[in-house]
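Notes follow the structure.
In my numbering, the protein residues as written are 258 to 476.
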């Protein structure tokens, strides 16, 4: 039988290790999700689909980093960024509008030039961005030597669900009320007109007031 003192030290080491592997972070969470993945997989070769996904994720990641965001994870055809600091909401909102612009003004023309089959089959490279703020636990998941950081909490979950919204029209950005009210004025209005529409939506089974935008901010 293990000595009681040795058991106590063992329990203490496990608690310390867990605390080191998990911490709470108050931040803004952004998910950018590629639209039309089903069409991409169905109508095009894996090579073409792969080039579209890589180009889109690389573009979104570059913009996230440019505005002090940290890339937390990639999941198939989506990327997650985290923003902290005093300007975290404004930075995330700006990134979303710039991703919308970059996909239309940069990614699409380049892909159409290199892969004309995309245009001939009517595929539009677009990303939908969801943004939410709040606390979440940042934990290390996996096994020793092969682990990754994951975000556990309501904010990253809501951001992911917002990026899943698909609606008629050109709406590409969805944010929570908390994020909207913390945006800088120039990210709310363009020449006196609001860039955002308030609406009610079901997000992950919860009825919420959110804001959506079809604006784009050139990179």
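C-beta: ideal position from N, C-alpha, C; glycine also.
Proximity test, Cβ basis, 7 Å: residue i and chain D
i: residue 375; result: The chain inventory of the structure shown lacks chain D, comprising one protein chain alone.
DSSP bridge partner residues for residue i (one or two, in chain order)
i: residue 464; result: 459
i: residue 469; result: 431, 454
i: residue 384; result: 291
i: residue 392; result: 283
i: residue 409; result: 394
i: residue 447; result: 450
Same chain, Cβ closer than 8 Å to residue i, neighbours up to 5 away in sequence not counted
i: residue 481; result: With the chain running from 258 to 476 in the structure shown, residue 481 is simply not present.
i: residue 362; result: 473, 475, 476
i: residue 312; result: 364, 367, 368, 382
i: residue 403; result: Low confidence applies to residue 403: its pLDDT is 49, below 50, so where it sits in the model is not reliable, and the reading given next is rough at best. Hits under 8 Å: none found.
i: residue 344; result: 325, 441
CB-CB length for residue i against residue j, believed under 8 Å
i: residue 469; j: residue 346; result: Not really, about 16 Å apart at Cβ, beyond 8 Å.
i: residue 353; j: residue 287; result: 7 Å
i: residue 338; j: residue 356; result: Contact flag wrong, Cβ pair sits at about 10 Å.
i: residue 336; j: residue 289; result: 5 Å
i: residue 334; j: residue 291; result: 4 Å
i: residue 316; j: residue 364; result: 5 Å
i: residue 307; j: residue 444; result: Not really, about 33 Å apart at Cβ, beyond 8 Å.
i: residue 466; j: residue 459; result: Incorrect: roughly 11 Å between the Cβ atoms, too far for contact.
i: residue 385; j: residue 422; result: 7 Å
i: residue 415; j: residue 372; result: About 34 Å separates the two Cβ atoms, so there is no contact after all.
Sequence-distant residues of its chain with Cβ nearer than 7 Å to residue i (five each side left out)
i: residue 342; result: 325
i: residue 447; result: 472
i: residue 464; result: 457
i: residue 441; result: 347
Residues of its chain near residue i, where Cβ-Cβ distance is below 6 Å and the 5 sequence neighbours each way are ignored
i: residue 471; result: 427, 428
i: residue 376; result: 369
i: residue 461; result: 418
i: residue 452; result: 470, 472
i: residue 430; result: 353, 386, 470
i: residue 359; result: 316, 476
i: residue 314; result: 336
i: residue 280; result: 395
i: residue 495; result: This structure cannot settle anything about residue 495, because the visible part of the chain is limited to 258 through 476.
i: residue 330; result: 337
- Decide yes or no for the touch test of the stretch 419-438 against the stretch 386-393: beta carbon pairs closer than 8 Å, at least 3 of them. yes
- Item | Inside the stretch 292-344 only - beta strand (DSSP E) runs reaching at least 3 residues | 327-332, 335-340
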